[in-house]
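**Student:**
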Amino acid sequence: MLPIPAEELNGSGTLGPYWTFYRAVAAEQLNRWLPGEPSVILDLSGGRGRWSGQAAKAGHRVIEVLDFRRTVDAQSRLRDADRVRHVRADDLAFLPDASVDAVLAEERVMSIELMAESAMSDVARVLRPGGRALVCVDSLVLGMAILAEQEQWQHLRQTGEVMLVPWPDGSITRCFSSGQLRELLMGAGLEVEWMRPRTVLSPSTVDHVLGSDTRSLTWLVRTELEAHPDDDDTVGIHLVASARKC
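Heads up: the sequence shown begins at -3 in the working numbering, then just goes up one per residue.
What follows is the structure in structure tokens.
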């Protein structure tokens, strides 16, 4: 799968069908991952997605930590007010040890958080024994693609080190190989259950199939989720991992 151009990564470019597919895959991954029994879910995704609402609709109580740097849709907060508790905080000091059953760290939050090791240790602290975390990060493939677009050739050989990539808007993203993501999770005392690219089907394939028959979205999502590219960081702009606290 060729890297997606940086201008497409916010979902506003020409790859509309691919982003429709991507969001459907992410939603189904979360459906399959969520606990089977009503649980307390901590959502660290910063109010950037609909993760909290999806978890709440599945019968869970959700604590959503909102990003100070981002304006969150007031209607969305109002709509989920009876199921989701919203908290503005820059760390998890407001939560006691072993107080939540699961943690969502979607929307690349551990790539945006440059002190990811400290943040992940805090995640492990608040998880109850047996609790799980779902983490999505920017991949090394994405980082290398952005650096190539910026003609930062000298940095492309440093793939064994922490890769910090500047974006045109001035932000910095930390990109992970599968080995680095595994080290992040295990370093916090978590046991990795599985790890994979979020998607392995290429944008061109998705565009061709959906262009032929929009009803094929369900088939595409099922095909994606039945693939088993475990630990494969040679494809995909994002890596997703599930980890458990022993």
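All C-beta atoms in this analysis are idealised placements derived from N, C-alpha and C, irrespective of residue type, glycine included.
Between V202 and the rest of its own chain, which residues show a CB-CB distance below 7 Å, the 5 nearest in sequence each way excluded?
**Tutor:** What you label residue 202 is simply residue 206 of the sequence shown in a count that begins at 1. Excluding positions up to five away in sequence, the list reads P13, Y14, F17, L216.
**Student:** Tell me whether L74 sits in a helix, a strand or coil according to DSSP, three-state version.
**Tutor:** Indexing the sequence shown from 1 puts residue 74 at position 78. The predicted model places L74 with a pLDDT of 49, which falls under 50 and marks its position as unreliable; any figure quoted below should be read in that light. Three-state result, L74: helix.
**Student:** Measure the beta-carbon distance from L197 to E220 and round it to whole angstroms, keeping in mind my assumption that it falls under 8 Å.
**Tutor:** Your numbering for residue 197 matches position 201 in the sequence shown. Your numbering for residue 220 matches position 224 in the sequence shown. Right, the Cβ-Cβ distance comes to about 6 Å (below 8 Å), so this counts as a contact.
**Student:** Please classify A243: is it buried, with 16 or more other beta-carbons within 10 angstroms of its beta-carbon, or exposed?
**Tutor:** One cannot answer for residue 243 here, as it falls past the ends of the chain, which runs -3 to 242.
**Student:** Going by other Cβ atoms of all chains shown within 10 Å of its Cβ, with 16 needed for buried, is G139 buried or exposed?
**Tutor:** As a working note, residue 139 is residue 143 in the sequence shown. It is buried - the Cβ of G139 has at least 16 other Cβ atoms within 10 Å.
**Student:** Roughly how far, in whole angstroms, is the beta-carbon of L40 from the beta-carbon of L136, given that I think they are within contact range, below 8 Å?
**Tutor:** Here residue 40 is taken as the residue at index 44 of the sequence shown, counted from 1. Here residue 136 is taken as the residue at index 140 of the sequence shown, counted from 1. Actually they do not touch by this definition, with Cβ atoms about 22 Å apart.
**Student:** Can you find the residues in the same chain that come closer than 8 Å, C-beta to C-beta, to R124, ignoring five residues on each side of it along the sequence?
**Tutor:** Working through the sequence shown from its first residue, we reach residue 124 at position 128. Closer than 8 Å at Cβ, skipping near neighbours: A94, S95, V96, D97, K241.
**Student:** Please return the same chain residues whose Cβ sits closer than 7 Å to the Cβ of V105, not counting the five positions on each side in sequence.
**Tutor:** The count along the sequence shown starts at 1 and reaches residue 105 at position 109. Answer for V105: L40, S41, G42, listed in chain order.
**Student:** By Cβ distance below 8 Å, which residues in the same chain neighbour W29 in space, the five residues on each side in sequence not counted?
**Tutor:** Along the sequence shown, read from residue 1 onward, the residue named residue 29 stands at position 33. Correct list, in chain order: R128, L130, S238.
**Student:** From this set, D227, P164, T169, which residue's C-alpha is nearest E145's C-alpha?
**Tutor:** Numbered from 1 along the sequence shown, position 149 holds the residue referred to as residue 145. For the residues D227, P164, T169, the minimum Cα distance to E145 belongs to P164.
**Student:** If you drop the 5 nearest sequence neighbours on each side, which residues of the same chain put their C-beta closer than 6 Å to that of M191?
**Tutor:** To locate residue 191, count along the sequence shown from 1; it is residue 195. So the list reads S174, D227, A237, once near-sequence residues are dropped.
**Student:** Taking 8 Å as the threshold (C-beta atoms), are P34 and H56 in contact?
**Tutor:** Position 60 of the sequence shown, counted from the first residue, corresponds to residue 56. Position 38 of the sequence shown, counted from the first residue, corresponds to residue 34. Yes; because the gap between Cβ atoms is below 8 Å, this pair is in contact.
**Student:** So A54 and V80 are in contact, right, with Cβ under 8 Å, and what is the actual spacing, rounded?
**Tutor:** As a first step, residue 54 must be located in the sequence shown, where it is residue number 58. As a first step, residue 80 must be located in the sequence shown, where it is residue number 84. So it is not a contact: roughly 12 Å between Cβ atoms.
**Student:** Quick one: grab the DSSP three-state call for F314.
**Tutor:** This structure does not reach residue 314, given that the chain is present from -3 up to 242, and the question cannot be answered.
**Student:** Pull up the distance between the alpha-carbon of I233 and that of A89, whole angstroms please.
**Tutor:** Here residue 233 corresponds to residue number 237 of the sequence shown, with the count starting at 1. Here residue 89 corresponds to residue number 93 of the sequence shown, with the count starting at 1. Approximately 32 Å, taken between the alpha carbons.
**Student:** From P225, G32, A22, pick the residue whose C-alpha is nearest to that of W47; which is it?
**Tutor:** Counting from 1 along the sequence shown, the entry for residue 47 is found at position 51. Residue A22 is the option with its Cα nearest to W47.
**Student:** Which term fits S167, buried or exposed, when burial requires 16 or more other beta carbons within 10 angstroms of its beta carbon?
**Tutor:** For the purposes of this step, residue 167 is taken as residue 171 along the sequence shown, with counting starting at 1. Its Cβ having fewer than 16 others within 10 Å, S167 is exposed.
**Student:** From H204, R121, G45, Q176, pick the residue whose C-alpha is nearest to that of A20; which is it?
**Tutor:** The residue you call residue 20 lines up with position 24 of the sequence shown. Of the listed residues, the one whose Cα sits closest to A20 is G45.
**Student:** What is the DSSP secondary structure of V196, counted as helix, strand or coil?
**Tutor:** Position 200 of the sequence shown holds residue 196. It is coil, neither helix nor strand.
**Student:** Between the beta-carbon of D118 and the beta-carbon of C171, is there less than 8 Å?
**Tutor:** As a position in the sequence shown, residue 118 is number 122, starting the count at 1. As a position in the sequence shown, residue 171 is number 175, starting the count at 1. Against a cut-off of 8 Å, the Cβ pair of C171 and D118 comes out as no contact.
**Student:** If I measure Cβ to Cβ from E24 and keep anything under 7 Å in the same chain, skipping five residues before and after, which residues do I get?
**Tutor:** Counted from its first residue, the sequence shown places residue 24 at position 28. The answer, listed in chain order, is V217, L221.
**Student:** Can you tell me whether A120 is helix, strand or coil according to DSSP?
**Tutor:** The residue labelled residue 120 in the question sits at position 124 within the sequence shown. Of the three classes helix, strand and coil, the one that applies to A120 here is helix, per DSSP.
**Student:** Do you know whose CA, among E187, V158, R178, lies nearest T169's CA?
**Tutor:** For the purposes of this step, residue 169 is identified with residue 173 of the sequence shown, where counting begins at 1. That would be V158, whose Cα lies nearest to the Cα of T169.
**Student:** Mind checking S187: buried by the 16 CB within 10 Å criterion, or exposed?
**Tutor:** Here the question's residue 187 lines up with position 191 in the sequence shown. Before going further, note that residue 187 is Glu rather than Ser in the sequence given. Looking at its Cβ environment, which holds fewer than 16 other Cβ atoms inside 10 Å, E187 is exposed.
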